[in-house]
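In the numbering used here, the protein residues as written are 268 to 993.
Beta carbons are placed, not taken as given, at the ideal position from N, Cα and C, and that holds for glycine.
One structure is given here, and the rest of the page talks about it.
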Amino acid sequence: MIRTLLSACWLCCAVHCAAAAEPPLPAVLPAPRSVTQLDGGFTLDAATVVCPEQGLEPLADYLSDYLGLASDAARAGEGALVLRTEPRLGAEAYELRILPGRIEIAGGDRGGVFCGIQTLFQLLPPEVYARRCPLPVRLACREVKDAPRYAYRGMMLDVARTWIGPEPLRRYIDLMAYHKINKLHLHLADDEGWRIEILSHPELTEIGGFRGGDSPVRPVYGKWDEKYGGYFTQREMRELIDYAAVRNIEIIPEIDLPGHSRNIARVHPEILCRYTPDTAPSNGYDLRSAWCPAREENYTLLEDILGELCALFPSPYIHIGGDEVEASQWARCPDCRAMMRRCGLTEARGLQDRFMERLAAILARHGKLPAVWNESVRGRRLGRDTRVHGWESMKACRDALAAGYPTVVMPAAWFYFDMRQTPREEGHDWAAVFDVRKTYGFDLRAEGVTGEELRRVAGFEGAFWSEAYVSHEPERPDYLDYMLFPRLCALAELAWHGNDEGWEAFYDRLQHAHYDRMSAMGVRYRLFPPEVSTGGGAVAAKAPDAGAEVWYRVDGDTTAHRYVRPVATCGPHRYLFHTRRGTGRSPEVGVPARYRTITPGLRLTTSMGESARIPYANVERYATFARTAHTCRPGDWILYEFAAPVRCREMVLQTGNRQLPKTIVTTGYVEVSADGLNFERVAELEKGSVVLRPEGPVRAVRIVSTAEDNGCAYVTVQPPRILPVL
Ligand code: ACM
Ligand code: ZN
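Here's what the structure looks like:
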């Protein structure tokens with residue numbers, strides 16, 4: 268009830284701020300449990316001294332650094348900013364008191380003190396995040412009492428597909444800490460890269476830390492022309508662990524096993540199953556990606572790797588993966604088949620349980636517990652002290668909870684921040700297309716979690732898988748920020764406080780306070796796009812966010828103009844609008860006519876053979892994608908022939924999946940024919956795609972490959988996207 272009252276008060280204040288007699292209640296995000304207004308005020312100025320209890324000096328230094336204050340444990344008197352622990356409050360809980368003579372932050376533990384500091388930051392001008400807080404600041408006296416809803420408030424970053432090194436990672440640790448996120452799950456090894464030094468096996472990073480060039484690991488995901496990669500030395504990782512620990516963040520390492528292991532299998536091919544794979548479709552490259560669970564020596568290598576991780580990371584959990592294993596590799600292996608007979612298994616998939624059990628035993632010998640993706644507990648063989656990360660669906664989360672596993676709830680359709688935010692934006696869409704509002708609205712009870720199972724929810728985690736990031740990095744340095752924020756703000760709110768006050772109240776805090784904070788943090792966050800409408804011979808746009816400006820440009824012209832009034836035009840489809848505020852920016856949007864497509868009669872042929880399972884007819888019907896039977900070689904081609912010449916303003920031909928620069932024709936050119944017989948070379952492929960703006964009718968288009976392959980066993984072909992002349 269208190270919370271409801273507070274939320275309602277904040278809304279009033281947001282609307283009537285200028286007229287209100289009382290200072291507005293703070294728009295803290297995530298929202299605290301309770302805020303009580305007290306009489307008087309405190310002036311925080313350059314003379315304020317941070318006074319830490321013994322052991323809290325690193326937090327005093329952290330706070331002093333942001334505010335430019337002195338820190339002195341001996342000066343706890345008048346005007347001090349006191350940091351202390353009060354264990355009765357409980358883990359990560361805190362009480363923040365702003366009194367006329369001093370500020371006190373009492374935390375149930377160091378984490379609680381840190382969270383109290385974050386709340387104090389949010390009571391100060393946003394410039395505090397840029398270490399430019401304009402002192403003195405007059406603060407209204409208040410008492411904030413707060414505690415987390417969940418002990419696990421996590422974010423997973425995939426540093427394997429796109430290498431994210433120590434410096435950017437430090438920045439993300441800071442950004443997470445500002446939001447009271449307390450777990451950083453680092454996905455350190457996958458098919459495309461091994462990112463953590465293992466001292467007893469330096470080859471894992473010296474070779475496996477890189478792909479392309481002279482590495483035996485094939486280039487992939489937009490990095491075909493260079494040797495690409497990087498890795499954390501153990502010293503660098505130790506520094507990151509310490510950096511994160513001061514900020515109340517525990518780093519949980521993940522090595523994805525037994526699947527997603529093509530990288531280590533290029534460095535140690537002996538870990539694979541014993542059979543000769545068919546490498547013809549992939550131009551001789553062995554695409555097998557799973558460890559052989561029947562090979563005893565594999566557990567010695569895994570003992571070396573996991574042993575070092577256990578020694579390096581203070582986290583009680585080591586994440587050992589366990590998702591998306593291609594068990595067909597085990598079904599073909601004589602050793603695996605013998606193991607299945609010994610274990611009485613009828614399905615190769617069951618071997619995963621035995622493999623994970625062995626890893627859990629290794630971890631136990633080193634005093635650690637396993638964390639796994641939800642597929643690893645389908646067999647229910649792992650101990651109930653295993654922490655499950657439920658990613659596939661809510662059903663997968665519910666199953667793990669029902670089986671008695673503490674579960675981090677992170678179904679992709681709400682928590683995978685690599686998903687695009689509206690259909691025409693960048694990002695994946697295989698799980699869902701969603702923005703901050705959907706993440707905020709996630710409701711465990713509505714998703715069928717009840718009773719005892721609710722108590723097993725460890726918390727929530729957002730995830731960012733980086734296979735698409737790598738190809739955005741050069742042109743869109745804001746990509747990761749844009750995908751994470753403000754969805755991470757909603758994750759923080761859910762995990763720390765809950766969403767009981769409703770979207771409107773949360774959105775109000777976002778608009779009226781937190782956007783400005785994120786601008787001061789330097790976060791290039793996503794804003795909602797403007798609403799665009801036409802009528803009376805003009806096109807108009809309206810910003811949905813308070814304080815956001817609308818900008819527009821004419822298609823084909825990069826110069827943007829500030830929007831002040833409707834634009835008179837007979838070609839509204841030529842205009843694109845976006846909103847800006849501080850460092851935030853929305854996607855560009857236009858009128859609906861801009862996006863209308865046509866589907867003229869089409870025949871697709873290629874020189875690369877046709878997949879029987881995913882045939883060319885899919886593309887000819889403009890229904891979904893098709894696959895070739897093998898990967899591309901120089902001279903291979905894809906031919907699109909139209910039943911009649913097509914007039915259009917734009918034609919987009921795409922190989923691979925949008926945002927997944929993997930199953931594409933990596934390098935090549937494009938030829939266009941007006942009569943279906945004579946072709947003219949008109950463009951080069953870019954990331955497997957081409958955008959044509961033909962001046963005349965088009966009868967046929969041919970894509971010609973100049974590349975040896977694409978790191979995969981086939982090429983994907985998408986239906987053409989053809990925009991009519993308007
Ligand atoms: C996953 O997304 N494969 C865990
Ligand atoms: Zn095997």
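- Message: For a minimum of 3 consecutive residues, which ranges assigned as the beta strand (DSSP E) are wholly contained in the stretch 702-767?
- Response: 724-731
- Message: Can you tell me which residues fall inside 5 Å of the ligand ZN, judged by beta-carbon distance to its nearest heavy atom, and keep chain order?
- Response: C540, C559, A561, C600, D602 and C603
- Task: Starting from E410, follow its DSSP beta bridges and name the residues at the other end.
- Result: T303 and R364
- Is Q501 helix, strand or coil by DSSP? helix
- Continuous alpha helix (DSSP H) assignments of at least 4 residues falling wholly in the stretch 598-679: DSSP runs (the alpha helix (DSSP H)) wholly in the stretch 598-679: 601-610, 618-632 and 661-669.
- Residues with C-beta closer than 6 Å to any heavy atom of the ligand ACM, in chain order: Matched residues: D590, E591, W640 and W658.
- Query: Can the beta-carbon of E908 be found closer than 8 Å to that of V958?
  - Reply: no
- Item | Those runs of the alpha helix (DSSP H) which lie wholly inside the stretch 403-464 and span at least 4 residues | 433-445
- Message: Please state whether the Cβ-Cβ distance between T972 and V932 is less than 8 Å.
- Response: Per the sequence presented here, residue 972 reads as Ser, with Thr not at that position. Yes, the pair counts as a contact, with Cβ atoms nearer than the cut-off.
- Rank T850, W818 and P319 by C-alpha distance to the C-alpha of M788 and give the top, closest one. T850
- Message: Contact defined as beta carbons within less than 8 Å: I believe G994 pairs with T922. What is the distance between those atoms, to the nearest angstrom?
- Response: Residue 994 cannot be examined here, being either before or after the span of the chain that is shown, 268 to 993.
- Query: What residue from D328, L356 and A314 has the CA that sits closest to G344's CA?
  - Reply: A314
- Message: Give me, in chain order, the residues of the same chain whose beta-carbon lies closer than 6 Å to that of M661; leave out the 5 immediate sequence neighbours on both sides.
- Response: Closer than 6 Å at Cβ, skipping near neighbours: P678 and E714.
- From the DSSP output, in three-state form, read off Q985 for me. In the structure shown, Q985 sits in coil (DSSP, three-state: anything other than H, G, I, E or B).
- So the alpha helix (DSSP H) D1018 belongs to, where does it begin and stop? Examination of residue 1018 is not possible in this model, given that the chain is present from 268 through 993 alone.
- Message: With H, G and I counted as helix, E and B as strand and the rest as coil, what does DSSP make of M785?
- Response: helix
- Query: Which class does N924 belong to by DSSP, given the choice of helix, strand or coil?
  - Reply: strand
- Query: Counting Cβ pairs, one atom from each stretch, are 3 or more of them under 8 Å apart for the stretch 774-787 and the stretch 726-736?
  - Reply: Between the stretch 774-787 and the stretch 726-736, the count of C-beta pairs closer than 8 Å stays below three; the two stretches do not touch.
- Query: CA-CA distance, C979 and E947?
  - Reply: Looking at the two C-alpha atoms, the distance is approximately 29 Å.
- Can you tell which of L618, V639 and P986 has the C-alpha that lies nearest to the C-alpha of E887? P986
- Item | Reduced DSSP category for D332 - H, G, I as helix; E, B as strand; rest coil | Helix, per DSSP.
- Item | Coil, strand or helix - D509 by DSSP | helix
- If we ignore side chains and look at the alpha-carbon of each, how far apart do R462 and A414 end up? 35 Å
- Is DSSP giving H897 helix, strand or coil here? When secondary structure is reduced to three states using DSSP, H897 falls in the coil class, being assigned neither helix nor strand.
- Query: Quick one: is P560 buried, meaning 16 or more other Cβ sit within 10 Å of its Cβ, or exposed?
  - Reply: buried
- Task: Taking all protein chains shown into account, decide if Q304 is buried (16 or more other Cβ within 10 angstroms of its Cβ) or exposed.
- Result: exposed
- Item | the ligand NAP heavy atom lying under 7 Å from the CB of A735 | Among the ligands in the structure shown, the ligand NAP does not appear; only the ligand ACM and the ligand ZN can be found there.
- How big is the Cα-Cα spacing for E962 and F795? 35 Å
- Task: Could you give the DSSP three-state label for V919: helix, strand or coil?
- Result: strand
- Message: Considering only DSSP beta bridges, list what Y936 is partnered with.
- Response: For Y936, which the question treats as bridged, DSSP gives the partners E951 and V971.
- State the Cα-Cα distance for the pair G823 and L843, rounded to the nearest angstrom. 10 Å
- Query: What is the rounded straight-line gap between the Cα of L576 and the Cα of I585?
  - Reply: 8 Å
- Can you find at least 3 beta carbon pairs, one from the stretch 389-398 and one from the stretch 419-430, that sit closer than 8 Å? no
- Query: What is the DSSP secondary structure of D571, reduced to helix, strand or coil?
  - Reply: helix
- Message: Distance check for R784 and Y396, CA to CA, integer angstroms please.
- Response: 7 Å
- Identify the continuous beta strand (DSSP E) that holds R377 and give its terminal residues. From DSSP, R377 is part of no beta strand (DSSP E) but of the alpha helix (DSSP H) over R377 to L390.
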